[in-house]
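Worksheet: the structure to be examined is printed underneath.
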Amino acid sequence: MLGDDEILTVTLDDAAAGLRLDRALAEALPSLSRERLKSLIKGGRVLDVHGAILWDPAAKTVPPATIEIRLPATLPAHNVAQDMGLVIAYEDEHLIVIDKPAGMVVHPAAGNLDGTMVNALLHHCAGQLSGIGGVARPGIVHRIDKDTSGLIVAAKHDKAHEGLAKQFAAHSIDRRYLAIATGRPMPANGTVDAALGRSATNRKKMAVVAAGRGKHAITHYRTIEPLKGATLIECRLETGRTHQVRVHMAHIGHPLVGDPVYGRARKPLSDVLKACNFARQALHAAHLGFIHPVTGNSIALDSELPADMRELIDELRV
Numbered sequence: 052m053l054g055d056d057e058i059l060t061v062t063l064d065d066a067a068a069g070l071r072l073d074r075a076l077a078e079a080l081p082s083l084s085r086e087r088l089k090s091l092i093k094g095g096r097v098l099d100v101h102g103a104i105l106w107d108p109a110a111k112t113v114p115p116a117t118i119e120i121r122l123p124a125t126l127p128a129h130n131v132a133q134d135m136g137l138v139i140a141y142e143d144e145h146l147i148v149i150d151k152p153a154g155m156v157v158h159p160a161a162g163n164l165d166g167t168m169v170n171a172l173l174h175h176c177a178g179q180l181s182g183i184g185g186v187a188r189p190g191i192v193h194r195i196d197k198d199t200s201g202l203i204v205a206a207k208h209d210k211a212h213e214g215l216a217k218q219f220a221a222h223s224i225d226r227r228y229l230a231i232a233t234g235r236p237m238p239a240n241g242t243v244d245a246a247l248g249r250s251a252t253n254r255k256k257m258a259v260v261a262a263g264r265g266k267h268a269i270t271h272y273r274t275i276e277p278l279k280g281a282t283l284i285e286c287r288l289e290t291g292r293t294h295q296v297r298v299h300m301a302h303i304g305h306p307l308v309g310d311p312v313y314g315r316a317r318k319p320l321s322d323v324l325k326a327c328n329f330a331r332q333a334l335h336a337a338h339l340g341f342i343h344p345v346t347g348n349s350i351a352l353d354s355e356l357p358a359d360m361r362e363l364i365d366e367l368r369v
């Protein structure tokens with residue numbers, strides 16, 4: 052453990068009996084989110100009164116119990132701050148909403164150690180990002196894929212981070228995507244209710260799995276405009292799972308145009324994609340609505356379709 056850790060000590064009484072450890076601690080320490088506490092437990096930073104590390108967030112609490120939590124000091128991110136000209140849809144002292152271009156990775160990872168949205172935020176926010184995401188993901192509350200464009204929110208301090216995270220967990224965030232799906236979805240407006248989990252054949256892919264084996268996922272879609280061999284649709288997420296729109300639309304037989312993982316365009320659609328030099332999934336996070344975690348105001352933001360999707364739509368208009 053680091054010498055400059057902040058040490059928190061909490062005593063769990065009979066009201067915590069039988070609760071999961073992470074839940075019991077979250078109820079005793081409202082300033083820390085359950086997800087953060089779960090991460091601290093798994094990181095070996097939660098100990099009992101005898102100094103033994105408590106590794107299991109799901110372990111049942113047996114009171115009375117005195118628990119020590121060692122919060123790591125906020126570390127400066129090793130990521131390089133880079134001036135990348137972010138497009139800002141909204142900003143105040145608590146949070147920032149970025150209109151992310153396609154091709155920008157959200158946070159550093161193997162193969163993308165710089166040039167990410169986090170690198171840009173480190174420059175723009177100059178040390179004002181929430182530490183909950185750790186060194187690699189400061190301020191990041193959710194993510195969108197590298198080749199998906201559109202709106203994404205980041206928190207500048209822990210209170211904002213926790214407030215937004217609770218809304219994402221409660222599925223109360225209003226997220227709507229504009230997408231170009233292959234073919235004609237039937238019915239024209241509908242709901243896909245299908246659990247998602249890792250593919251059994253390719254761990255880098257997500258797949259629809261049997262209920263109980265994956266995470267509950269619901270996507271509501273509606274047709275906006277029929278196109279040649281495709282359809283412009285709006286997808287509203289009731290849940291927010293990895294690749295949710297892409298997998299759900301592929302599941303009903305209408306993968307997104309240009310999706311290199313879950314769909315493959317056939318002629319003449321593939322010829323149009325080549326002519327437009329369009330080489331990504333046609334997916335744009337167009338609307339983001341939430342309750343401001345500090346002021347309580349309703350925030351509703353919209354992002355126009357990027358030029359590459361507009362051009363593609365023009366080429367596919369009937």
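Take 52 as the starting number for the sequence shown in this note's numbering and just add one per residue.
No residue lacks a Cβ here, since even glycine has one placed at the ideal position from N, Cα and C.
Computed from a predicted structure; not experimentally measured.
Please name the residue in the options whose C-alpha comes closest to that of residue i.
i	options	result
residue 327	336, 361, 310, 305	361
residue 253	344, 184, 312	312
residue 112	149, 165, 151, 72	72
residue 122	141, 182, 292	182
residue 305	272, 261, 82, 200	272
residue 337	170, 366, 229	229
residue 279	334, 339, 363, 211	363
residue 219	284, 274, 292, 152	292
residue 269	249, 204, 302	302
residue 244	119, 152, 82, 300	300
residue 102	90, 117, 261	117
What does the Cβ neighbour count give for residue i, buried or exposed, with the cut at 16 atoms within 10 Å?
i	result
residue 240	exposed
residue 53	The predicted model places residue 53 with a pLDDT of 42, which falls under 50 and marks its position as unreliable, so this point remains unresolved.
residue 57	exposed
residue 237	exposed
residue 330	exposed
residue 213	buried
residue 99	exposed
residue 222	exposed
residue 126	Low confidence applies here, because residue 126 scores a pLDDT of 45, under 50, leaving its location unreliable; read the following figure in that light. So residue 126 counts as exposed.
residue 147	buried
residue 319	exposed
residue 128	Low local confidence applies: a pLDDT of 45 at residue 128 is under 50, so the model's placement there is unreliable, and no value is given.
residue 200	buried
residue 158	buried
residue 358	exposed
residue 354	buried
residue 195	buried
residue 284	buried
residue 139	exposed
residue 369	exposed
residue 65	exposed
residue 82	exposed
Going by the DSSP bridge assignment, what does residue i pair with across the sheet?
i	result
residue 358	Beta-bridge pairing links residue 358 to no other residue.
residue 340	225, 351
residue 111	71
residue 104	98
residue 248	258
residue 66	In DSSP, residue 66 forms no bridge with anything.
Indicate whether residue i and residue j have their beta-carbon atoms separated by less than 8 Å.
i	j	result
residue 61	residue 88	no
residue 216	residue 84	yes
residue 234	residue 167	no
residue 137	residue 175	yes
residue 63	residue 115	yes
residue 184	residue 190	yes
residue 298	residue 334	no
When every heavy atom of the ligand MG is checked, does at least one fall within less than 7 Å of the C-beta of residue i?
i	result
residue 208	Annotation note on the ligand MG: not contained in the displayed structure, which lists no ligands.
Which ranges would you report for the alpha helix (DSSP H) in the segment 193 to 244 if only whole runs of at least 4 residues count?
List check, alpha helix (DSSP H) in window: 209 to 220.
Just to confirm the assignment: which complete beta strand (DSSP E) runs, minimum length 3, are found wholly within the segment 140 to 186?
DSSP assignment within the segment 140 to 186 yields the following whole beta strand (DSSP E) runs of 3 residues or more, N-terminal first: 146 to 151.
Complete runs of the beta strand (DSSP E) confined to the segment 267 to 323 [at least 3 residues]:
269 to 278, 281 to 288
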